[in-house]
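Heads up, the thing below is written out as structure tokens.
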Amino acid sequence: GVWPAPPIDVQYLVIAGGGGGGGVYSSGGYSGAGAGGAGGYRCNVSGGNSGGGDSAESAALVSLGTAHTLTVGAGGAAGQTLTDQPGGTGANSVFRTITSSGGGGGASPKNTSVGAGSGGSGGGGSYYNAAGGSGTVGQGYSGGFAFNQSQGSGGGGASAVGSAGARYLAGAGGNGVTSLITGSSVTRAGGGGGGVYNSDATAGSGGSGGGGTGGKLSTGTAGTANTGGGGGGAGDSTAGRTGGAGGSGVVILSIPEANTATFSGGVTQTSTTSGGQRIYTITAAGVSDTVTFA
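When the letters of the sequence shown are read in order and numbered with this note's numbering, they come out as residues -15 to 278.
Right, here's the structure in full:
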């Protein structure tokens, strides 16, 4: 008989969509909203790291000729102005049994009934003495604590907690994690920066790896697409402003160059080769697909 082909070692980077930044009330908030947390970051590349301070996950031996689940998560919605809406949670990214959780949305300063969202990394807090959302073990960190509603806190990143807002300074987003899976050093999954309302204050910077900048009397900046970066929080004093949307996630698969991958359709993917590996970068957020290796 014919023996089945042995499984291959698949290296993966699975990043979920980042959370959206919080919005500010439309009739004069005098407030800065919390920022969105980065999407969950999971990696099994030898010598690399996953999020939340974890080392790389174990090797994945994957069978040939079998269809495996694949989804890239979309970024969370921007928090709107009406009723101080918090940012939306990012969508999960999935490869086989590996699921990265979407980033938590940033809190809005006047909506005390809904705090910062938890997720892969947590959203930044807002209002008085409000905690940031929690991150997920092995994927990311928590969002920053808020001492008052004037300066929003930063969203958590894959490698660091979001910073707390301080007097005249909104919290910065936590930084992302750097990977060499594509053959180049790239940082992804940074948290968004918090927003501020006063003109002599400084908005929060986005974390390295696609985190959006917070708004200063303006809307928050969106997280960068295909990085899982969190959106920046809004900041304003007289008119409502929206937060920044979260950046979409990405799935990157690296297999021996002698092998190939076929996708069932729907996702957008590009392939390159580096160091004897064939590397597929999969985008097109929100589309469910399958991948089969040969």
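Note that CB positions come from ideal geometry on N, CA and C, so glycine has one too.
Exposure label - G259; buried when at least 16 CB within 10 Å: The count along the sequence shown starts at 1 and reaches residue 259 at position 275. Classification for G259: exposed.
Cα-Cα separation between G179 and S189, rounded to whole angstroms: In the sequence shown, residue 179 corresponds to position 195, counting from 1. In the sequence shown, residue 189 corresponds to position 205, counting from 1. Rounded to whole angstroms, G179 to S189 spans 9 Å at the Cα level.
R225 classed as buried or exposed, judged by whether at least 16 other C-beta atoms fall within 10 angstroms: Within the sequence shown, numbered from 1, the residue matching residue 225 stands at position 241. Per the 10 Å Cβ criterion, buried.
Boundaries of the beta strand (DSSP E) in which L66 is found, first to last residue: As a working mapping, residue 66 is identified with position 82 in the sequence shown. Counting along the chain, L66 sits inside no beta strand (DSSP E), nor does DSSP assign it H or E at all.
Cβ-based burial, T222 [other Cβ within 10 Å; buried from 16]: Position 238 of the sequence shown, counted from the first residue, corresponds to residue 222. It counts as exposed.
S39, buried or exposed, once every other Cβ within 10 Å from all chains shown has been counted against 16: Within the sequence shown, numbered from 1, the residue matching residue 39 stands at position 55. With fewer than 16 other Cβ atoms within 10 Å, it is exposed.
Reference G116, options T246, G90, L48, closest by Cα: Residue mapping note: residue 116 aligns to position 132 of the sequence shown, counting from 1. It is G90 whose Cα lies nearest to the Cα of G116.
Range covered by the beta strand (DSSP E) that runs through A44: Counting from one through the sequence shown, the residue named residue 44 turns up at place 60. Counting along the chain, the beta strand (DSSP E) containing A44 begins and ends at 44 to 46.
C-alpha gap between G31 and G196, whole angstroms: Position 47 of the sequence shown, counting from 1, holds the residue named residue 31. Position 212 of the sequence shown, counting from 1, holds the residue named residue 196. One C-alpha to the other measures close to 28 Å.
Segment contact, 8 Å Cβ cut-off, at least three pairs: the segment 48 to 59 with the segment 132 to 141: Counting Cβ pairs under 8 Å, fewer than three are found: no touch.
Rounded straight-line distance, which links the Cα of V46 to that of A142: Taking the first residue of the sequence shown as position 1, residue 142 is located at position 158. Taking the first residue of the sequence shown as position 1, residue 46 is located at position 62. Between A142 and V46, the C-alpha separation is close to 26 Å.
Sub-8 Å separation of A187 and G199 beta-carbons: Numbered from its first residue, the sequence shown carries residue 187 at position 203. Numbered from its first residue, the sequence shown carries residue 199 at position 215. Taking C-beta atoms as the reference points, A187 and G199 count as a pair closer than 8 Å.
Between the CA atoms of A(-11) and G5 - distance to the nearest angstrom: Position 21 of the sequence shown holds residue 5. Position 5 of the sequence shown holds residue -11. Their Cα atoms are separated by approximately 47 Å.
Cβ separation of V161 and Y25, assumed to be a contact under 8 Å, to the nearest whole Å: Within the sequence shown, the letter at position 177 stands for residue 161. Within the sequence shown, the letter at position 41 stands for residue 25. Between Y25 and V161 the Cβ distance is about 5 Å, and since that is below 8 Å, they are a contact.
Whether G59 touches G2 by CB criterion (8 Å): Within the sequence shown, residue 59 is the residue found at index 75, counting from 1. Within the sequence shown, residue 2 is the residue found at index 18, counting from 1. Yes, the pair counts as a contact, with Cβ atoms nearer than the cut-off.
Short Cβ contact (8 Å threshold) for G177 with A154: Indexing the sequence shown from 1 puts residue 177 at position 193. Indexing the sequence shown from 1 puts residue 154 at position 170. In this structure, G177 sits near A154, with a CB-CB distance shorter than 8 Å.
Range of the contiguous beta strand (DSSP E) that encloses Q123: If you number the sequence shown from 1, residue 123 lands on position 139. Going by DSSP, Q123 is part of no beta strand (DSSP E) at all; its letter is neither H nor E.
Where the beta strand (DSSP E) containing S34 begins and where it ends: Reading the sequence shown from its first residue, position 50 is the one you call residue 34. First-last for S34: undefined, no H or E at that position.
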